[in-house]
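Residue numbers (the numbering used here), protein chains in the order written: chain A, 1 to 291; chain B, 1001 to 1291.
Comments concern the structure below.
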């Protein structure tokens, strides 16, 4: 998905809010905003929005000297949901369709996103979990996901945010986990999952976990490591979590199942849904890969 | 009032929305946004926000070749409220306190503002009029306005938007109109009132009308004509309509009565009210002029 003119005010808002999240120094806030304005003025709108997110986050890290400004909130949300893991696992186990329930929770967890949202707190997460059980999800898409996972030899699972990863673990427990490799980011990208988060929530004991070699949000293939790209090309099923992965992969010729919450109007318009909707959709380009 | 870092995403949003309002050409939208990004990157935050509004509007006029892109909506809203002038005049006349009622309507009319709002329509205006009668206004402020107008020898009334000017006429009818001079903009500034609008709503037959010599929204004194500045300095009471006039004059050492709807968080914070509030307040700097 390309960047849209409507993304531009949002880049600037994000830069300011992220700078404020990381630092109390107004001079740094101003410096970040001015640098981002200059870069956005010349940006290639052909790039997906998360690529600007990478630039903004790098600028903030450089100016504040903070190596991973979101580390503590990542740990906080991992712990918040780890403390409730047994409760949710029981909810999945007792439900009529455990895979469907696990998918719903995994999408609800996608609300823990410091990109589009500035004030992420536990009540936001709790409300998203409540909504997960009342929202409409296409039964056919869950069925397609189930069948594709059964048939696939090799599944690549692209993780998104910390906290959310606890629900991803529950979802992976409902899938043929011996076929699954989870990919995390290669460097700090907002509150996206790093290897240390995968370890914290016990994912590394369950499945193979690799990193994608970059600190860009989403999955910008040309910025990923050669090793990751090979792994991506080799997979015969990809499960992609979250909005940034959708933004960066929606035009890829690959068979991808996107699980996300649509968190802004530009993405909602691209998908053809409403902002806030819980989305399970299969890549429009799956034929392209088969061809 | 200085510009705030929170104004910056809003400048970019405004530039994009105004470009779309004026032109259907996506290439022009992009050109406007990129030019504004470059200028905002280097802007002096000491300037009030409407000064950037002037730059944005000039850029749009230059790139589209449209001399006054808001002319038709200005005429539309003038006519919409002119058609209901008798009804509102009767409402003012029959009320317990005609000046209070006229002030409320004059603030309601301030909603017709294509700066902070993109979708201004007749239902927005109707709702603002309904709210005018239920909202709290400080009785003491109306009383102060009444007394100051009685005592003043010379009142300068700074108009704001087209449409709104019809309600300003009703307010002026409740004041000692022989002392009043109304100031309009010297050139196209969004949907702000020009001399032709004052003529259209019959204001020129009622009071003296002058222009301020500039196309900047609000009243940026250093951009106004010498003649207007002298008039501003000579007035012993100033009635300032609208948010942009507040933004550009709130730090002036002058005795100013501000009548406005607070339409964004930055201005609401500066005033100490909530966004959407109807405001009647006297300049904090009136002593500065007396001193």
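Here a beta-carbon is modelled for each residue, glycine too, at the ideal position from N, C-alpha and C.
Practice item. Let me know if residue 118 of chain A comes out buried or exposed under the rule of 16 or more other beta-carbons within 10 Å of its beta-carbon. Key: Position 118 of the first chain, counting from 1, holds the residue named residue 118 of chain A. Looking at its Cβ environment, which holds fewer than 16 other Cβ atoms inside 10 Å, residue 118 of chain A is exposed.
Check your understanding: Is the CB-CB distance between residue 1050 of chain B and residue 1217 of chain B below 7 Å?
Key -> Taking the first residue of the second chain as position 1, residue 1050 of chain B is located at position 50. Taking the first residue of the second chain as position 1, residue 1217 of chain B is located at position 217. Their beta carbons are under 7 Å apart, which means residue 1050 of chain B touches residue 1217 of chain B by this criterion.
Exercise for review: Closer than 7 Å by beta-carbon distance: list the chain A residues that pair up with residue 1013 of chain B, in chain order.
Suggested key: Within the second chain, residue 1013 of chain B is the residue found at index 13, counting from 1. What residue 1013 of chain B touches in chain A: 9.
Review point. Can you tell me whether DSSP reads residue 1010 of chain B as helix, strand or coil?
Key: Counted from its first residue, the second chain places residue 1010 of chain B at position 10. If DSSP states are grouped into helix, strand and coil, residue 1010 of chain B belongs with the helices.
Review point. Is the segment 1037-1051 of chain B in contact with the segment 22-41 of chain A, if contact means three or more CB pairs nearer than 8 Å?
Key: yes
Review point. Looking only at DSSP bridge pairs, what is residue 1281 of chain B linked to?
Key: If you number the second chain from 1, residue 1281 of chain B lands on position 281. Paired residue(s): B:1258.
Exercise for review: Compile a chain-ordered list of the residues in the segment 1031-1057 of chain B whose CB is closer than 7 Å to at least one CB of chain A.
Suggested key: 1033, 1034, 1037, 1038, 1040, 1041
Check your understanding: Who are the neighbours of residue 16 of chain A on chain B, taking C-beta pairs under 8 Å?
Key -> As a position in the first chain, residue 16 of chain A is number 16, starting the count at 1. Under the 8 Å cutoff, chain B gives 1005, 1006, 1008, 1009.
Point to revise | In DSSP terms, what residue 157 of chain A is bridged to | key: Taking the first residue of the first chain as 1, we reach residue 157 of chain A at position 157. DSSP, once it has assigned bridges, lists A:182, A:239 as partnering residue 157 of chain A.
Review point. Between the beta-carbon of residue 1162 of chain B and the beta-carbon of residue 1132 of chain B, is there less than 7 Å?
Key: In the second chain, counting from the first residue as 1, residue 1162 of chain B sits at position 162. In the second chain, counting from the first residue as 1, residue 1132 of chain B sits at position 132. The answer is no: Cβ separation not under 7 Å.
Practice item. Count the other CB atoms, across all protein chains shown, that sit within 10 Å of the CB of residue 1048 of chain B; report buried if there are 16 or more and exposed otherwise. Key: As a working note, residue 1048 of chain B is residue 48 in the second chain. Answer is buried; the Cβ neighbour count reaches 16.
Exercise for review: Would you mind giving the Cβ-Cβ distance between residue 1168 of chain B and residue 1241 of chain B, rounded to the nearest angstrom? I have them listed as a contact below 8 Å.
Suggested key: Position 168 of the second chain holds residue 1168 of chain B. Position 241 of the second chain holds residue 1241 of chain B. The Cβ separation is near 6 Å, so the contact holds.
Exercise for review: Return the CA-CA distance between residue 70 of chain A and residue 187 of chain A, expressed in angstroms with no decimal places.
Suggested key: Here residue 70 of chain A refers to the residue found at position 70 of the first chain. Here residue 187 of chain A refers to the residue found at position 187 of the first chain. The alpha-carbon atoms of residue 70 of chain A and residue 187 of chain A are separated by roughly 12 Å.
Check your understanding: Below 7 Å between beta carbons: does that hold for residue 137 of chain A and residue 219 of chain A?
Key -> If you number the first chain from 1, residue 137 of chain A lands on position 137. If you number the first chain from 1, residue 219 of chain A lands on position 219. No, the pair does not count as a contact, with Cβ atoms beyond the cut-off.
Point to revise | Secondary structure of residue 207 of chain A, DSSP reduced to three states | key: Taking the first chain and counting its residues from 1, the one referred to as residue 207 of chain A is at position 207. Three-state result, residue 207 of chain A: coil.
Review point. Is there contact here, the segment 84-93 of chain A with the segment 167-186 of chain A, by at least three beta-carbon pairs under 8 Å?
Key: yes
Exercise for review: Find out if the Cβ-Cβ distance for the pair residue 214 of chain A, residue 223 of chain A is shorter than 7 Å.
Suggested key: Along the first chain, one-based indexing puts residue 214 of chain A at 214. Along the first chain, one-based indexing puts residue 223 of chain A at 223. Going by C-beta atoms, residue 214 of chain A is nearer than 7 Å to residue 223 of chain A.
Review point. In the structure shown, what three-state DSSP assignment does residue 192 of chain A receive?
Key: As a position in the first chain, residue 192 of chain A is number 192, starting the count at 1. Residue 192 of chain A falls in the strand class under three-state DSSP.
Point to revise | Alpha carbon of residue 266 of chain A to alpha carbon of residue 4 of chain A, nearest angstrom | key: Within the first chain, numbered from 1, the residue matching residue 266 of chain A stands at position 266. Within the first chain, numbered from 1, the residue matching residue 4 of chain A stands at position 4. Rounded to whole angstroms, residue 266 of chain A to residue 4 of chain A spans 7 Å at the Cα level.
Practice item. Output the distance between the C-alpha atoms of residue 1068 of chain B and residue 1055 of chain B, rounded to the nearest integer angstrom. Key: In the second chain, counting from the first residue as 1, residue 1068 of chain B sits at position 68. In the second chain, counting from the first residue as 1, residue 1055 of chain B sits at position 55. Cα to Cα, residue 1068 of chain B sits roughly 14 Å from residue 1055 of chain B.
Point to revise | Near the ligand ATP: residue 282 of chain A beta-carbon under 6 Å from a heavy atom | key: With respect to the ligand ATP, the structure offers nothing, as it holds no ligand at all.
Check your understanding: Cβ of residue 1029 of chain B less than 7 Å from any chain D Cβ?
Key -> Going by chain labels, chain D is absent from the structure shown, which instead holds the protein chains A and B.
**Study point:** Continuous alpha helix (DSSP H) stretch holding residue 1078 of chain B: start and end
**Key:** Numbered from its first residue, the second chain carries residue 1078 of chain B at position 78. It spans 1071-1082 - the alpha helix (DSSP H) in which residue 1078 of chain B sits, taken as one unbroken run.
Point to revise | For residue 110 of chain A and residue 273 of chain A, the rounded distance between their alpha carbons | key: Numbered from its first residue, the first chain carries residue 273 of chain A at position 273. Numbered from its first residue, the first chain carries residue 110 of chain A at position 110. Roughly 16 Å separates the two Cα atoms.
**Study point:** Beta-carbon proximity of residue 8 of chain A to residue 1012 of chain B, cut-off 7 Å
**Key:** Stepping through the first chain from its first residue, residue 8 of chain A is reached at position 8. Stepping through the second chain from its first residue, residue 1012 of chain B is reached at position 12. Taking 7 Å as the Cβ cut-off, residue 8 of chain A and residue 1012 of chain B qualify as a contacting pair.
**Study point:** C-beta contact flag for residue 1155 of chain B and residue 1183 of chain B at 7 Å
**Key:** Taking the first residue of the second chain as 1, we reach residue 1155 of chain B at position 155. Taking the first residue of the second chain as 1, we reach residue 1183 of chain B at position 183. Result no, Cβ atoms of residue 1155 of chain B and residue 1183 of chain B do not sit closer than 7 Å.
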